[in-house]
Structures are given as structure tokens and as C-alpha cells.
Amino acid sequence: MQKLVFILFILTVFKTFCQEVDSLKVIEIPESYSNRIGEPLSVKKDSLYIFRTPDIYLVNKKSFLAFKNVYQSTLDQDKMTKEIIEKYTQTLRRNIDLERRLTINFTKSDSLDKIVYQKTQTTLVNAQKALDYTVNSLEKATNSLELIERVNRQQRKKTVFEKILIGLAGFGAGVLVGISL
17 MQKLVFILFI LTVFKTFCQE VDSLKVIEIP ESYSNRIGEP LSVKKDSLYI FRTPDIYLVN
77 KKSFLAFKNV YQSTLDQDKM TKEIIEKYTQ TLRRNIDLER RLTINFTKSD SLDKIVYQKT
137 QTTLVNAQKA LDYTVNSLEK ATNSLELIER VNRQQRKKTV FEKILIGLAG FGAGVLVGIS
197 L
């Protein structure tokens with residue numbers, strides 16, 4: 017009978033223990049949980065967990081909230097960094113577009129400068145020809161004036177000589193008339 021009571025006692029203890037385990041919810045954490053991204057699982061009081069992952073880190077609620085705040089501020093800084101990069105990229109694109117427009121304007125300006133340069137060269141060549149023509153005309157005029165001056169001197173000499181001859185002829189005629197009378 018002792019054996020029977022002992023067996024009944026053991027069965028009662030097992031049954032009581034099994035009922036306690038059954039009343040608690042057993043939660044199994046699979047190995048894939050170690051690669052999971054997102055918020056961690058919340059552990060409930062008086063629950064049983066079976067961890068199949070290689071490592072588990074237990075953190076209290078305050079520490080978890082502190083980690084979450086640090087993580088959130090890092091995300092906010094990442095967002096701000098992304099915004100700065102986007103604005104810098106926009107500014108860079110706008111500057112590249114302005115540089116392209118400026119290059120086009122410089123190209124147009126260069127072509128206009130070339131046209132103005134060619135027209136200026138043509139004008140200078142024409143002005144040089146006009147100056148050469150004026151210089152030639154002035155040389156011819158100077159030569160003509162020198163020729164006229166020579167002829168004028170010769171005319172004066174001739175007139176003076178003629179006047180002297182006429183005077184001498186008149187004097188000679190007066191002497192002849194005076195002698196003949």
C-alpha cells in the first residue's frame with residue numbers, strides 16, 4: 017500500500033505540475049528572430065519562453081525607450097542629411113544648367129565678337145585704302161604745287177626779264193629817237 021500511495025502522490029504532483037505548465041502559455045522564439053528587423057518582442061510576466069536563437073539581450077523598458085530615442089534621432093539626422101544632400105543636388109543641377117546657359121551665351125557672344133572683329137577689320141582695311149588714296153592725292157597735290165611754284169618763278173623771272181628787255185628796248189628806242197632828232 018505504501019507503494020500505491022507513493023505512486024498516487026507522484027501522479028498527483030505530476031498532474032499538478034502539468035496543470036501549472038498548461039495554464040502558463042509557452043512561447044517559442046524561433047532562430048529566425050535573430051535576423052528580424054523591427055521592434056523587439058515584449059515579454060509578459062508569468063509566461064514561459066523557449067529561445068532557439070543563439071543570443072538574447074534583455075533590456076528593461078526605460079533602456080529600450082532610451083535606445084529607441086537615440087535610434088529615432090539618428091533617423092531624423094539621416095532625414096536631415098538626405099534633405100541637405102537633395103538641396104545640394106538641386107543647387108548643383110541649377111548651377112550646371114546656369115553654366116551650360118553661360119557657355120551658350122559665351123559661344124553666341126564669341127560668334128558676335130568674331131563678326132564685329134571681321135567687320136572692324138574690313139573697316140580698317142577700307143580706312144587704310146582711303147588714307148593711302150588721301151596720301152597719294154596729297155603727294156600729287158604737293159607735286160602739282162611745286163610745279164606751279166616753279167612755273168610761277170619762271171614766269172616772274174620771264175616777266176622781270178621781259179620788263180627789263182622792254183625797258184631797254186624803250187630806252188634804246190628813246191636814244192635812237194633822240195639821236196635821230
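Counting in the working numbering, the sequence shown runs from 17 upward without gaps. Backbone N, C-alpha and C fix where the C-beta goes; we use that ideal spot for every residue, glycine too.
Opening and closing residue of the beta strand (DSSP E) in which residue i lies
i	result
V151	No beta strand (DSSP E) contains V151, which is instead part of the alpha helix (DSSP H) from 77-196.
L64	64-67
C-beta atoms of residue i and residue j nearer than 7 Å
i	j	result
K41	S63	yes
F67	I45	yes
Simplified DSSP assignment, three categories, for residue i
i	result
I43	strand
S58	coil
Y49	helix
I26	helix
Beta-carbon separation (whole angstroms), residue i vs residue j, contact threshold 8 Å
i	j	result
E47	T69	6 Å
Y65	I43	5 Å
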